[in-house]
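Take a look at the structure below.
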Amino acid sequence: MKMQSLYEEYKQEFMKSSQEYCCYCGDIRSGVGCCGENHFVTFADMDEDTQRDIINWEIECAFREAGLTQSQIDAKIKEIQ
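All residue numbers for the sequence shown refer to numbering that gives the first Met the number 0, where the first residue is 0 and numbers rise by one.
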């Protein structure tokens with residue numbers, strides 16, 4: 000249950016953000032173009048699968064910084080989906 004709350008917390012924060020992401024590769028907008036394209040959307044404009052991928056990536060990075068192994072990270076990510 001605690002992990003679901005973490006996922007929801009991330010999602011709420013991302014939904015409020017005006018940060019833009021590339022429609023094609025999902026990278027954070029850092030200039031005029033990305034991967035040869037220049038179409039960007041906010042997190043709230045993305046479909047649920049893409050939102051879940053971004054949240055899972057952010058959570059994975061946080062767990063990695065906390066010193067968890069990849070198998071531990073995979074297990075925790077699986078818990079929240």
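Virtual Cβ for every residue (Gly too), placed ideally from N, Cα, C.
Asked, Found
"Contacts around residue 0, its chain only, beta-carbon distance under 8 Å, and the 5 residues preceding and following it disregarded", "At residue 0 the pLDDT is 49, less than 50, meaning the model places this residue with poor confidence; the figure from the coordinates comes in the next sentence. Excluding residues within five positions, none has a Cβ falling inside 8 Å."
"Contact check, residue 55 vs residue 76, beta carbons under 9 Å", "yes"
"Whether residue 72 touches residue 62 by CB criterion (9 Å)", "yes"
"When 42, 46, 23, 45 are compared against residue 35, the one with the closest alpha-carbon", "23"
"Proximity to residue 79 [Cα-Cα], best of 59, 37, 67", "59"
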